[in-house]
Amino acid sequence: MLSEGQRSLLARLLKQKTGQGLAQSSDISMRTAPASRHKPFPLTDVQQSYLAGRSGGMDLGSVSTHGYQEFDIKNLDAARYQQAWRSVIARHDMLRTVIHPDATQQALESVPPYTVSILDLRGLPAAEQQARLHSVRDEMSHQVLPLGVWPMFDIRLSLLDEDVTRLHLSIDALLLDASSFPILLQDLKIFYENPDAQLPEFSLTFRDYVLSLESGEKSTDFAKAQAYWEERLPDFPPAPEFHREANTATATSSRFSRHTDIWDMEDWREFEQKSARLGLTGTFTLLAAFTDVLRLWNRHHDFALSISYFNRRNIHPEAGVILGDFTDILLLACQCPQNSTLLDRARLLQSQFWMDMEHTEFNGVKVVRELMRYRPNNNVLMPVVFTNILKVGDIGKSSTLGGEAMEIKYSISQTTQVLIDFSIFQFDNKVHINWDVVESAFPQGQIAAMFKAFTALLRRMLKDDSVFSLKHPVQLPEEDKKRHAEANTTEEATADTLLHALFDGQALLRPDAKAVVTPEKCLSYAELRNRAHAVGSMLQSQNCKVGELVAVVMEKGWEQIAGVLGVLYSGAAYLPIDPGLPPERLQMLMEDAGVRIALTQSSLLQSLTWPQGVKPVAVDSLSADAAEAPARAPVWKQTSRDLAYVIYTSGSTGKPKGVMIDHAAAVNTILDINSRFQIGPQDRMLSLSDLNFDLSVYDIFGLLAAGGTIVLPAPDKTRDPSHWLELAKRENVSLWNTVPTLMQMFTTYIIDSQCSHKGDIPGGLSLVLLSGDWVPLSLPGEIRSLWPDARVVALGGATEASIWSNCYIVGDVPQNWKSIPYGRPLKNQRFHILNEALQECPDNVPGQLFIAGKGLARGYWNDPEKTAFSFFPHPETGEILYRTGDIGRWLPDGNMEFLGRKDFQVKIGGHRVELGEIESALTQYPGVTFAVASCIEKGRNTKQLICHYLTEKNRDLDDKALRAFLRKKLPHYMVPGIYVRLDSMPLLPNGKINRRSLPMPEQQADRQNNAPPQTDLERAIAEIWMEVMGKTGIGRDDNFFEIGGNSLIAIQILTLLRRRCNTELQLRSFFDAPTIAELAAMVDAANHHEDMEEGVI
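Position one of the sequence shown corresponds to residue 1 (the UniProt record's numbering), numbered consecutively onward.
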């Protein structure tokens, strides 16, 4: 229930909004200045934000905050209607106001008689009438009327048949807000019905009102309110963050569309009464439903909305009847405590609102500015707005002229830098609930699905009290639910067997077939089996137990394969360790794993330092006798649920994690891939992955299970594409399985060395499996240019889910793709994309990727705490899930899209940046073959994008040309500032890009940071930047947006530049010239152009 203080505040606000009273403002000194009535005066904070957003060159900019309505009325006298408008214009200063680019406004003393345009459509065929009406609507509904030019509104009439006239009203919200609209309509009605009406002149102007408010900023209430909001800044939640479509990434303008739900007053009153019984107003019940829908469709569970309201201060008796933009903004934190119900969240919203409303002297625009200073690299602009216009009253009651009702036919509003603008108002005894939305910024169909879920929830709340006690009342769209279920319908019977049993069956079936080929050696299936038996028998003689870990510490060679098979034959599990590791780490891994025996090669016995208590055994020496005579077959002791191998992966705490995979899990993946792609005895695969990288599990057991041949490179040539080419030709390699980087190295080598002209391309490659990292969009095309019939498959998953869990067969790659799809789950595996509350995300909505099914690991070796965190039962379904730490989304076709690691999400200037999108765009530049984008810290709260790239024949490219190219494809905040061409990319042992080893151009970055302004003009600009942004030491080449600049800050800088430097620049200037040096050069060029024109004149 509302407290006494809240009820008092509510009563005061209701009086204000119904015209019975205005907000008390005792700390504001009211002063009128009739003599200065037509002088320029500053914009309000809200008007400034509107002005900033309508400028071009920015995300969701080039839009005026603007309203457009269409009404039909019968028997309208057009001449009388036009005269009524002229009278209203003469009465209200704001209808004669122009907005200047320097963030001031001015009411003109006189203006030409306004002419209402008339379009006569009478007698035309109905289809043509509709087409012409739609043409007018298209032109007027999203007008951006020019600054400094009167009028900033557009009124037209379309004459239709049967004495019907369509009224078209387009008004820029810089002039007036929704609370002014009924006043405007009422005065228009008076002058239409009585052209000679004499209404009293106003003694108050909007100019007087705005200037008087400035005195309130010196009050104690203002200081208290500022302190209240500043104290909340550290924990204030972010704006809702939606996944934006790629085709809107560079959009500099937006068109809105409206979704409407119309309620009868009886239903709305019942909704309000139910809310009251729950201790709520209807507004907060409505808002709770809205925020719960947003919660399911955006990245954040806790977020903030802009609540716009009409704040006419009681500083003058006429403050309630003049026209103007009295809008204020309140930033409302919308939080979702764990295990809270819909009712809990509604009450929390209401309580937070009343608390915040006691501190509105420091308005929401000012809060946004403080957030910008506090979080310069976070997006603090609020793209979702909620406006309750119900308290203005029934707008339809003012909508009559000469006794004829005005029937609303169409209405749309748009707000700059806003994605969803929620409004609710009453018209002709109906309640209109509207979403005005930039539809193109969202994936197709998403807004319709959101609005459908929202209206369905409202109707359920109206009819069913139990909805309020639900934790997750918003339901996933049925179509999405069905698609996700179909994608996860993967159950299929799998053989209950062991990894080495798959090989053993092939060895008995084809003993003389080639199993392993190295540059110097070839082992048949029988020979490999004998050598593995020798290893297994030795281990059993050493009392190796089921599930015990035996280390395999070897360089690439046949010994690795014989060793891991032998370990499994013994009943133990193998632990692959890179012999190139530092001795300290090698010892740590063996100690953590409790290793007693380590299999190795003779060449490493003396060169490696073996931990105390570990017995090294050289496989090549041990199995020499087995080459001559069959070894005794060890007795198989384990089941399919026993451990097969442990692979250590890097851990976030610095301690590696030992992933435990049993036989059944690995067998499930291997048999699926072999069946899915018809892998058989005819296949030969070049095995390039290190043994401690889980792609090697398929290299070994996948090929041997199918009766194929493993081709191994020389251990010192595992990263030599010329050696790969030699082996691929000699052994007629048909199958490739690596990270994308190694295939990229291979294709680049072949193309650059012009092997295609020599007929040296191995012709047998028919299947390319790529996984472990992003697949460059250009790579599938490069592969098919060399091997036209090759199938290219992108796979994904985690070591913790047995090699792979999903795949996608890559066909032609459309130009608008940002990445290769992640595909669908493999057999007996499932994917769930969940939000912070572990709810299933709708299509297109990013969430965390969770894997379930038969492929899951048994956990982490000797680490129950990490195991419990990463492998856990879903609280509602009980299904065991693995938390991957990756971000992805479902696509409407049933595939998934991978969006990167949760830990690697990058934000620049408050915008989320997809590094893969930058890389994809740069590889479209002629000559660029590969690109890696990353983010570097330039100092406190300052980040910069850098791009490393490779080119054909190592050709140098011009940085400015690259930057100009990307500016055409990406928004300004995604264009890297530094470009570094490399001869080759640094790689990790597993073949992935070693991002930490990418060379950082420190000297260049330092030079850019430290170069001081050089001219008087540059120094003047720098002084203004530092003053407004609260920073010191800004260099002439620092990028405005990278050091925390944004559109609102730019407006303040432009205003000071005009005053101090006598220069006229538009907001667009900051996008074209984002550094002090470039901005000064632009000013010099403009001044030179003016001097030239004066000389000509």
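Quick reminder that beta carbons are idealized off the backbone N, C-alpha and C, glycines included.
Taking only three categories from DSSP, how would you classify residue i?
i	result
Tyr68	strand
Val1096	Because the pLDDT of Val1096 is 35, which lies under 50, any placement of that residue in the model is unreliable, and the question is left without a value.
His500	helix
Gly403	coil
Asp699	helix
His484	helix
Lys968	coil
Pro616	strand
Glu952	helix
Val98	strand
His432	strand
Ala495	coil
Pro42	strand
Ala33	coil
Phe310	strand
Ile190	helix
Leu470	coil
Who are the near neighbours of residue i in its chain, counting only those whose CB is closer than 7 Å to its CB and skipping five residues on each side?
i	result
Ser212	Ile28, Ser29, Met30, Arg31, Ile315
Leu1079	Ile1021, Ser1069, Ala1073
Gln839	Leu296, His472
For residue i, which residues from the same chain have a beta carbon less than 6 Å from its beta carbon, with the 5 sequence-adjacent residues on both sides left out?
i	result
Tyr645	Ala573, Tyr574, Ile661
Ala453	Val293, Val474
Asp843	Asp480, Trp890, Pro892
Pull up the distance between the alpha-carbon of residue i and that of residue j, whole angstroms please.
i	j	result
Ile751	Gln815	22 Å
Ile99	Leu175	9 Å
Met406	Arg80	16 Å
Trp774	Leu915	11 Å
Pro113	Leu1057	36 Å
Asp1084	Arg1059	17 Å
Arg244	Asp264	35 Å
Ser158	Thr115	14 Å
Trp636	Ile880	30 Å
Pro576	Asp620	17 Å
Gly123	Tyr68	26 Å
Lys521	Gly613	33 Å
Met1082	Pro146	23 Å
Ala1077	Ile936	22 Å
Asp356	Asn806	48 Å
Lys514	Phe677	21 Å
Pro582	Gly991	19 Å
Please state whether the Cβ-Cβ distance between residue i and residue j is less than 8 Å.
i	j	result
Pro473	Leu278	no
Lys729	Tyr860	no
Leu987	Thr741	yes
Tyr949	Val928	yes
Ser640	Leu498	yes
Leu323	His92	yes
Arg299	Pro846	yes
residue 1137	Gln601	An answer regarding residue 1137 cannot be provided, because it is not within the stretch 1 to 1097 covered by the chain.
Leu51	Ala103	yes
Gly888	Phe898	yes
Ser870	Arg883	yes
Excluding five sequence neighbours on each side, which residues of the same chain lie with their C-beta closer than 8 Å to the C-beta of residue i?
i	result
Arg995	Val932, Ser934
Original post:
Counting only runs that start and end within the UniProt domain "Carrier" (1012-1087), where is the beta strand (DSSP E) found for 3 or more residues in a row?
Top reply: none
Original post:
Can you list, in chain order, the stretches of the beta strand (DSSP E) that have 3 or more residues and sit fully within the stretch 820-887?
Top reply: 829-834, 847-853, 871-873
Original post:
What alpha helix (DSSP H) runs, 4 residues minimum, are completely inside the stretch 553-610?
Top reply: 558-570, 583-593, 602-605
**OP:** Entirely within the stretch 722-754 and at least 3 residues each: give me those beta strand (DSSP E) ranges in chain order.
**Re:** 735-738
**OP:** Within the stretch 200-233, note down every full alpha helix (DSSP H) run reaching 4 residues or more, in order along the chain.
**Re:** 206-216, 220-232
Subject >> Whole runs of the beta strand (DSSP E) within the stretch 320-365, excluding any shorter than 3 residues >> reply: 327-334
Subject >> Those runs of the alpha helix (DSSP H) which lie wholly inside the stretch 102-144 and span at least 4 residues >> reply: 126-140
Original post:
Which runs of the beta strand (DSSP E) fall wholly inside the stretch 140-176 and span at least 3 residues, in chain order?
Top reply: 153-159, 164-172
Subject >> Start-end ranges of the beta strand (DSSP E) lying completely within the stretch 370-395, minimum 3 residues >> reply: 384-388
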